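Participant: Below you'll find the structure I mean.
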Amino acid sequence: MNTVLSRANSLFAFSLSVMAALTFGCFVTTAFKDRRVPVDIHVSKVMLKNVDDFTGPRERSDLGFLTFDLSSDLQPIFDWNVKQLFLYLSAEYATRSNALNQVVLWDKIVLRGENTKLNLRDVKSKYFFFDDGNGLRANKNITLTLSWNVVPNAGILPLVAGSGHVSLPFPESYETTKSY
Amino acid sequence: MLSIFKSIPSHMDYKGQKLAEQIFQGIILISAVIGFVYGLIIEQFGWTVYIVLAGFVVSCVLTLPPWPMYRQNPLSWQPIIPETSAEPSQKPQEALKKKKHK
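Those protein sequence lines, which keep their order, are chains L and A.
Per our numbering: the first sequence = residues 1 to 180.
Per our numbering: the second sequence = residues 1001 to 1102.
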């Protein structure tokens, strides 16, 4: 029986199939794109303290404080299959107990249509840079990298590391907490 | 309530059904191609979706109601044969059957 309802049904089903095909096409047009852009990171101040870590093993642990500058042009990452970027700055370093430590210091969400020129001066880290021991003091090679998750309309959720990272040594001595 | 809807004539003839199907498929495919290209150019997938939705609405209007263009090839049914013209030899058999049934 060909009724109004059966015609509406086939029309709706066909439209949905076409829409699914278009969404897949949107994914295919952007699937092989290189989403790396150069990032300029500059650390302006490093401070190291040795404080009680109440969350951890109840010992005094190393706590780092960083102030950094960040500049990058994120415009080339955005296209019609990008809804937002989740940027995060992570520190990577090796200690005696662990070959690879990764700590996220700062993050930011950039929505589509927002300002894509990243130009930040003297930003303090958002999250505590705690080591699970005393691995930060006199650590010669702590690498800061800006990475991002690309949140798409359709398809995979790529995790991209920005090209351009900075490595810095940490101070040999702790900053003593002044009592006022 | 339902009988009111059923009393509205909504059928199409067979050629009309085929034509309606071709029309809505054509409209949606064309709007999909236009929307994809436009969305790709202005880098907004939302506009692709809007253009396909517009094609959907247009084809709904064009093919859901039984417009006269879908009813131009009505089936030519055999004309109703009056009962008196039936062959007389079959009549007694039918009468027998009816009697048996009763």
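Here a beta-carbon is modelled for each residue, glycine too, at the ideal position from N, C-alpha and C.
All figures in this text were calculated on a predicted structure; none of them were measured in a lab.
If you run the structure through DSSP and keep just helix, strand and coil, what is E92/L?
Facilitator: It is a strand residue.
Participant: Kindly indicate the opening and closing residues of the beta strand (DSSP E) around N9/L.
Facilitator: Unbroken run through N9/L is the alpha helix (DSSP H), 4–30; no beta strand (DSSP E).
Participant: State the Cα-Cα distance for the pair P1068/A and I1008/A, rounded to the nearest angstrom.
Facilitator: Distance between the alpha carbons of P1068/A and I1008/A: 14 Å.
Participant: Could you tell me which whole beta strand (DSSP E) segments of length 3 or greater appear in the segment 80–143 of chain L?
Facilitator: Runs found: 82–93, 101–111, 117–124.
Participant: Might you give, ordered along the chain, the residues of its own chain that have their beta carbon closer than 7 Å to the beta carbon of A1020/A, omitting 5 neighbours on each side?
Facilitator: M1012, T1063, Y1070, listed in sequence order.
Participant: Nearest to D69/L by alpha carbon, out of I77/L, L48/L, L118/L, K108/L?
Facilitator: Closest option to D69/L, Cα to Cα, is L118/L.
Participant: Give me the DSSP bridge partner(s) of H165/L.
Facilitator: H165/L pairs with nothing; no bridge assigned.
Participant: Pull up the CB-CB distance for L145/L and S90/L, whole angstroms please, since I reckon it's below 8 Å.
Facilitator: Here the sequence assigns Thr to residue 145/L, which means Leu is not the residue at that position. Right, the Cβ-Cβ distance comes to about 6 Å (below 8 Å), so this counts as a contact.
Participant: Does DSSP classify S61/L as helix, strand or coil?
Facilitator: In the structure shown, S61/L sits in a strand (DSSP, three-state: E or B).
Participant: Between S1003/A and L5/L, what straight-line distance do the alpha-carbon atoms span, to the nearest angstrom?
Facilitator: About 15 Å.
Participant: Please state the DSSP three-state secondary structure of T1048/A.
Facilitator: Note: T1048/A maps to helix in three-state DSSP.
Participant: CA-CA distance, T23/L and S15/L?
Facilitator: Approximately 12 Å between the Cα atoms of the pair.
Participant: Quick check: N141/L and Y93/L, are their CB atoms within less than 8 Å of each other?
Facilitator: It is a contact, given that the beta carbons lie within the stated cut-off.
Participant: Please state whether DSSP places P76/L in a helix, a strand or coil.
Facilitator: DSSP places P76/L in helix when its eight states are reduced to three.
Participant: Which of the three DSSP states is assigned to A1095/A in this structure?
Facilitator: Only weak support is given to the placement of A1095/A: the predicted model assigns it a pLDDT of 49, under 50, and the value that follows is read from those uncertain coordinates. Looking at A1095/A - three-state DSSP - the assignment turns out to be helix.
Participant: Could you tell me the distance, in whole angstroms, from the CA atom of K1015/A to the CA atom of Q1022/A?
Facilitator: So the two alpha carbons sit approximately 11 Å from each other.
Participant: Would you mind telling me which residues of chain L sit closer than 8 Å to S1104/A, beta carbon to beta carbon, in chain order?
Facilitator: With chain A represented from 1001 up to 1102, any question about residue 1104/A goes unanswered, as that position is not in the structure.
Participant: Compare the C-alpha of N207/L against each of G135/L, Q84/L, N81/L and name the closest.
Facilitator: In the structure displayed, chain L extends from 1 to 180; residue 207/L sits before or after that span and is not available.
Participant: Got a sec? Which residues, its chain only, sit under 8 Å from P1074/A by beta carbon, not counting five neighbours each side?
Facilitator: Same-chain partners within the cutoff: D1013.
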